[in-house]
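Chemist:
In the working numbering, the protein residues as written are 21 to 192.
1. For residue 172 and residue 181, I'd like the C-alpha separation in whole angstroms.
2. Classify residue 74: buried if its beta carbon has 16 or more other beta carbons within 10 angstroms, exposed otherwise.
3. Would you call the CB atoms of residue 101 and residue 67 closer than 9 Å?
4. Apart from the five residues on each side of it in sequence, which residues of its chain come closer than 6 Å, Cβ to Cβ, to residue 115?
5. Below 8 Å, can you find three or more Cβ-Cβ pairs linking the stretch 46-63 to the stretch 28-35?
6. What number of angstroms, rounded off, separates the C-alpha of residue 40 from the C-alpha of residue 105?
7. Thinking residue 236 and residue 47 are a contact (beta carbons under 8 Å), I'd like their distance in whole angstroms, please.
8. Taking 8 Å as the threshold, find out whether the stretch 159-167 comes into contact with the stretch 120-127 through three or more Cβ pairs.
9. Which residue comes first and which comes last in the beta strand (DSSP E) that contains residue 39?
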């Protein structure tokens with residue numbers, strides 16, 4: 021498949037076009053360890069093609085558990101692939117053992133979460149590319165504090181909006 025796509029890419033009229041393959045929530049897949057191994061193999065193959073990038077998402081806690089299941093003599097696939105992975109270097113990290121190659125999505129501040137929430141609502145009546153934007157109808161200020169705190173997680177905020185978009189119910 022990659023060889024065929026590479027041939028097409030060389031003849032592409034759009035200079036610099038990229039293909040992004042996003043594999044989300046690997047830890048939630050049945051046989052997650054096997055799926056992760058296959059995804060890492062895909063990264064190894066895709067690394068030969070400058071136009072292809074593979075993005076994997078998983079919970080960081082699961083990544084640590086997965087790495088811990090390796091045998092003492094087993095080579096880490098992450099370390100083998102590190103030259104092709106995007107890694108955020110921490111200050112002073114070059115002298116110590118490198119951690120897993122992760123890009124952590126930080127939570128919103130309370131103000132940021134409120135602003136994103138309001139933007140969902142503002143755009144709810146205006147479809148983008150024919151797709152409706154989900155939004156809860158309740159005002160941010162009417163949500164109870166524990167709910168607002170949960171919604172500082174970008175994924176939870178999006179799922180919350182999806183959950184309440186079709187019903188007349190208001191979030192709490």
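The C-beta atom is built at its ideal place from N, Cα and C for all residues, glycine as well.
Modeler: Taking the geometry as given:
1. Reading the chain shown from its first residue, position 152 is the one you call residue 172. Reading the chain shown from its first residue, position 161 is the one you call residue 181. The straight-line gap from Cα to Cα measures roughly 13 Å.
2. Counting from one through the chain shown, the residue named residue 74 turns up at place 54. The residue in question, residue 74, is buried, as its Cβ has 16 or more Cβ neighbours within 10 Å.
3. One-based indexing of the chain shown puts residue 101 at position 81. One-based indexing of the chain shown puts residue 67 at position 47. In contact: residue 101 and residue 67 (Cβ atoms closer than 9 Å).
4. The residue labelled residue 115 in the question sits at position 95 within the chain shown. Only weak support is given to the placement of residue 115: the predicted model assigns it a pLDDT of 49, under 50, and the question is left unresolved by the model.
5. Counting C-beta pairs with one atom in each stretch, the stretch 46-63 and the stretch 28-35 have fewer than three that are closer than 8 Å, which means they do not touch.
6. Looking up residue 40 in the chain shown gives position 20. Looking up residue 105 in the chain shown gives position 85. Roughly 14 Å between the two C-alpha positions.
7. Residue 236 lies beyond the range of the chain shown here (21 to 192); nothing can be said about it.
8. Segments in contact, no.
9. As a first step, residue 39 is located in the chain shown; it is residue number 19 there, counting from the start. 39-43 is the extent of the beta strand (DSSP E) around residue 39.
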